[in-house]
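*Asks:*
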């Protein structure tokens, strides 16, 4: 039985109770949200080490860390170092995007080890899975075999680019894009469709995908193959027509008690983000929205964790439920461990800032504790509440301040100290 | 004659013509905006190396870099290294916050050397200026002497915390803040007022401040002494009551043809930013808004360039005209050169993203060029349009890609290459 089916039957699963506890929300309320699809609890029945999390309406915004080996970078120990960083800094999900080498073995180890939910994009793995076969030689059955293999291994959610069907491709071709298709999976499917002359296999055989996901309780993450890859292309007919398809596919999965998230942009100017969040919620019937970025300018290469944090914070404020991290390496190289860390922190900042803005239960508490520590100029307390206390400590301690209670930024002119002295009737040093 | 007076008299100054050219706006239109105070062109008559910029309605969002020597860090060469970074990455303003040592000499050199506009906060300098005198021993005349000294040296804009008068202090005391006063200048004035029992000298003698600024054409940047230092305190009575005072002070300066900017928060949750921008524009009669951050969460220590970039991008989208950069060192130490660089880039990203969102003339052009280069997988062109092309190059070249036209992130699975191959009828390598 899937989590969705259980919720619809009024059964409070252990996973649901755990999520309800973490979110300080009554289990019955959460159950109703899962039953109607507004919240998903990705929890493959084979993922035994999972500590489940919910994604969706009214819950904390979650973040995902991408990693995985590729043809140019295939050091497994580096990838496990990234896993450790993801867990240390509180990422709720890890997507394994491996597409080269011993992907199946790596994925198996990852699932065994990770309490965070695991996602994959089966099409990335398909080419390696079928040895030296060319893309156009892979059949629809082959693609589904990879999906089933991942499902049996314990993958909690899978990106399925079922929305880029022939109708959506026609809209894309008419929309005059600057950067065409920038989704890796989307471009492969587009190529496959053009080379074989056939319909998108994940669309044509969507019911079979849903069946596999139902059997193992995999949450479908409907991929946005036509996500805009530039400010220029954002919110265009290609993007929105695919979103319409994703909304229809969401309902079809729900009819079989299979949970769905919908993936979203991409590159997008700030003034279009709120509208996109509202349109997604409407077209996709309230399904959780999982966004990559959005990157609010195209010229931030080397700093796209920042362009994405800006867009992600705004997106989550207006309804996005799940943020895929972006690292400084985006558009330039496979991220190393330091890039991964910077990407995670930027994404956590965006998610947390949005949770404060949208009034998620308890979100402000840690900020208030931090600010109380600041007023008291209590550094150890500040390090405790900072997202990355180690960096905060290292920074402050790297430059000795004249007055050891202050920091080198303001020294004896510390506004906190000055104001405290006056309010508490103590002597002023300035 | 000040720039404002000239504009009101219908005289097109060289500075105004230059700004109009840079912004691609008709000089007459800019003149009207300067005349009514919606745009300022900070240009002290003694600052001969200045390449003037405009700040305000309809113009590109500008950014400011803080630097300066302090009791804990007084290496002048490091500060000039920061100046070079500010100029290299296109900061339009530099604020010299020096409060220790040979501040007058440093400021003089800075003004001689900098084409960017220079701002200061005279009260920071006052304590050092009057040797070993205690804060409470400095008189109102003394403070004004420092203001005049800076004005004569060629400072283009000065932060004057004239709004924290006795009325605003009463509101502050009633508002139950978590972090009280976090503005350095604000806390010093509060202390001075409490210790001496007198009214804020910059408020009491505001007409004399305006006279000095009129003589040398200094733009007054009305400081927000009561800016919130935590999410908890944002948009409270203390903050807004001071903003009311700043609005009244704006009008008084305008009556004497002295230009004004108004300074703003601070720490602020995302959901309050838009309202704050609109309230400032209303209460301050359309005067340009110069914001520090806002920082959208309190727990980002070590990464506050990111928390500030999120808030700054949103603020500028809804009306802020000028962003004060925040570095990763904020709250922890005086920033080093690397911190300064990261702060500048984050701030440039925020400003540019907002310019795209608010439809500033030509803002999107560079993004479109970048995206065109991306579609063509033309790396040299991408480095040219990236905000920091050197970092982008270094990143990509640090990991060799199998296919030299791609990068190590996707390698032969590059979505651009795949899509281009299909659209152009070329052979697919996947």
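Residue numbers (the numbering used here), protein chains in the order written: chain A, 1 to 430; chain B, 1001 to 1430. Cβ coordinates follow ideal geometry from the N, Cα and C atoms, glycine included.
Write down the C-beta distance between residue 57 of chain A and residue 33 of chain A rounded to the nearest angstrom, noting that I regard them as a contact closer than 8 Å.
*Replies:* 6 Å
*Asks:* Can you give me, in chain order, the residues of the stretch 1098 to 1132 of chain B that have a beta carbon less than 9 Å from any beta carbon in chain A?
*Replies:* 1099, 1100, 1124, 1127
*Asks:* Enumerate in chain order the residues of its own chain whose CB-to-CB distance from residue 381 of chain A is below 7 Å, with the five nearest sequence positions on each side excluded.
*Replies:* Contacts found: 373.
*Asks:* Buried or exposed: residue 37 of chain A, going by 16 or more other Cβ atoms within 10 Å of its Cβ?
*Replies:* buried
*Asks:* Counting Cβ pairs closer than 8 Å, one from the stretch 250 to 257 of chain A and one from the stretch 168 to 181 of chain A, do we hit at least three?
*Replies:* no
*Asks:* Thinking C-beta only, is residue 125 of chain A closer than 8 Å to residue 183 of chain A?
*Replies:* No, these two residues do not count as a Cβ contact at 8 Å.
*Asks:* Is residue 1242 of chain B buried or exposed, if buried means 16 or more other CB atoms sit within 10 Å of its CB?
*Replies:* buried
*Asks:* Taking the beta carbon of residue 1026 of chain B as the centre, do at least 16 other beta carbons fall within 10 Å, making it buried, or is it exposed?
*Replies:* exposed
*Asks:* Which chain A residues sit within Cβ distance under 8 Å of residue 1307 of chain B?
*Replies:* 349, 353
*Asks:* Extract the residue ranges of the alpha helix (DSSP H) inside the stretch 1341 to 1410 of chain B, only unbroken runs of 4 or more that lie entirely within it.
*Replies:* 1365 to 1375, 1379 to 1385, 1389 to 1398
*Asks:* Return yes when the Cβ of residue 1359 of chain B is within less than 8 Å of the Cβ of residue 1328 of chain B, no when it is not.
*Replies:* no
*Asks:* Any idea which residues DSSP pairs residue 221 of chain A with across the strands?
*Replies:* Beta-bridge analysis with DSSP links residue 221 of chain A to A:159, A:261.
*Asks:* Out of curiosity, what's the CA-to-CA distance linking residue 63 of chain A and residue 408 of chain A?
*Replies:* 34 Å
*Asks:* What does a CB cutoff of less than 7 Å around residue 1129 of chain B pick up in its chain, not counting 5 residues either side in sequence?
*Replies:* Cβ neighbours of residue 1129 of chain B beyond the five flanking positions: 1146.
*Asks:* Using only the alpha-carbon positions, how far apart do residue 1189 of chain B and residue 1161 of chain B sit?
*Replies:* 8 Å
*Asks:* So residue 65 of chain A is in the beta strand (DSSP E); what residue range does that whole segment cover?
*Replies:* 62 to 67
*Asks:* Using DSSP with H/G/I as helix, E/B as strand and the rest coil, what is residue 196 of chain A?
*Replies:* helix
*Asks:* Report, in whole angstroms, the separation of the C-beta atoms of residue 98 of chain A and residue 106 of chain A, which I expect to be a contact under 8 Å.
*Replies:* 6 Å
*Asks:* Quick one: which chain A residues come within Cβ less than 7 Å of residue 1407 of chain B?
*Replies:* Residues of chain A passing the Cβ test: 332, 333.
*Asks:* State yes or no: is the C-beta of residue 333 of chain A within less than 8 Å of the C-beta of residue 1395 of chain B?
*Replies:* yes
*Asks:* Roughly how many angstroms lie between the CA atoms of residue 1282 of chain B and residue 1271 of chain B, to the nearest whole one?
*Replies:* 19 Å
*Asks:* My parser needs the alpha helix (DSSP H) runs of 4 or more residues fully inside the stretch 1036 to 1124 of chain B; what are they?
*Replies:* 1076 to 1088, 1103 to 1113
*Asks:* DSSP on residue 331 of chain A, reduced to helix/strand/coil?
*Replies:* coil
*Asks:* Is the shortest distance between the beta-carbon of residue 1396 of chain B and the beta-carbons of chain E less than 8 Å?
*Replies:* Among the protein chains of the structure shown, namely A and B, there is no chain E.
*Asks:* When you compare each of A:122, A:297, A:28, A:401 to residue 1365 of chain B by their alpha carbons, which one comes out closest?
*Replies:* A:297
*Asks:* Between which two residues does the alpha helix (DSSP H) holding residue 1143 of chain B run?
*Replies:* 1140 to 1153
*Asks:* Give every residue of the same chain whose Cβ lies closer than 7 Å to the Cβ of residue 1357 of chain B, excluding the five residues on either side of it in the sequence, and list them in chain order.
*Replies:* 1317
*Asks:* Measure the Cβ-Cβ separation of residue 1245 of chain B and residue 1165 of chain B and say whether it is below 8 Å.
*Replies:* yes
*Asks:* Is the number of C-beta pairs between the stretch 408 to 425 of chain A and the stretch 1342 to 1358 of chain B that are closer than 8 Å three or more?
*Replies:* no
*Asks:* Hey, residue 1377 of chain B and residue 135 of chain A are a contact pair by Cβ (cut 8 Å); roughly how many whole angstroms apart?
*Replies:* Not a contact, Cβ separation roughly 19 Å.
*Asks:* Check whether the Cβ atoms of residue 24 of chain A and residue 393 of chain A sit closer than 8 Å, and answer yes or no.
*Replies:* no
*Asks:* Cβ closer than 9 Å: which chain A residues qualify as neighbours of residue 1385 of chain B?
*Replies:* 298, 299, 301
*Asks:* Of the choices A:342, A:2, A:139, whose alpha-carbon is the least far from that of residue 201 of chain A?
*Replies:* When each option's Cα is compared against that of residue 201 of chain A, the closest is A:139.
*Asks:* Let's test the definition: count the other Cβ atoms within 10 Å of the Cβ of residue 3 of chain A and tell me whether it reaches 16, buried, or not, exposed.
*Replies:* buried
*Asks:* At 7 Å on the CB atoms, spell out the chain A contacts of residue 1269 of chain B, in chain order.
*Replies:* 356, 357
*Asks:* Cα separation between residue 287 of chain A and residue 261 of chain A?
*Replies:* Straight-line Cα distance between these residues: approximately 6 Å.
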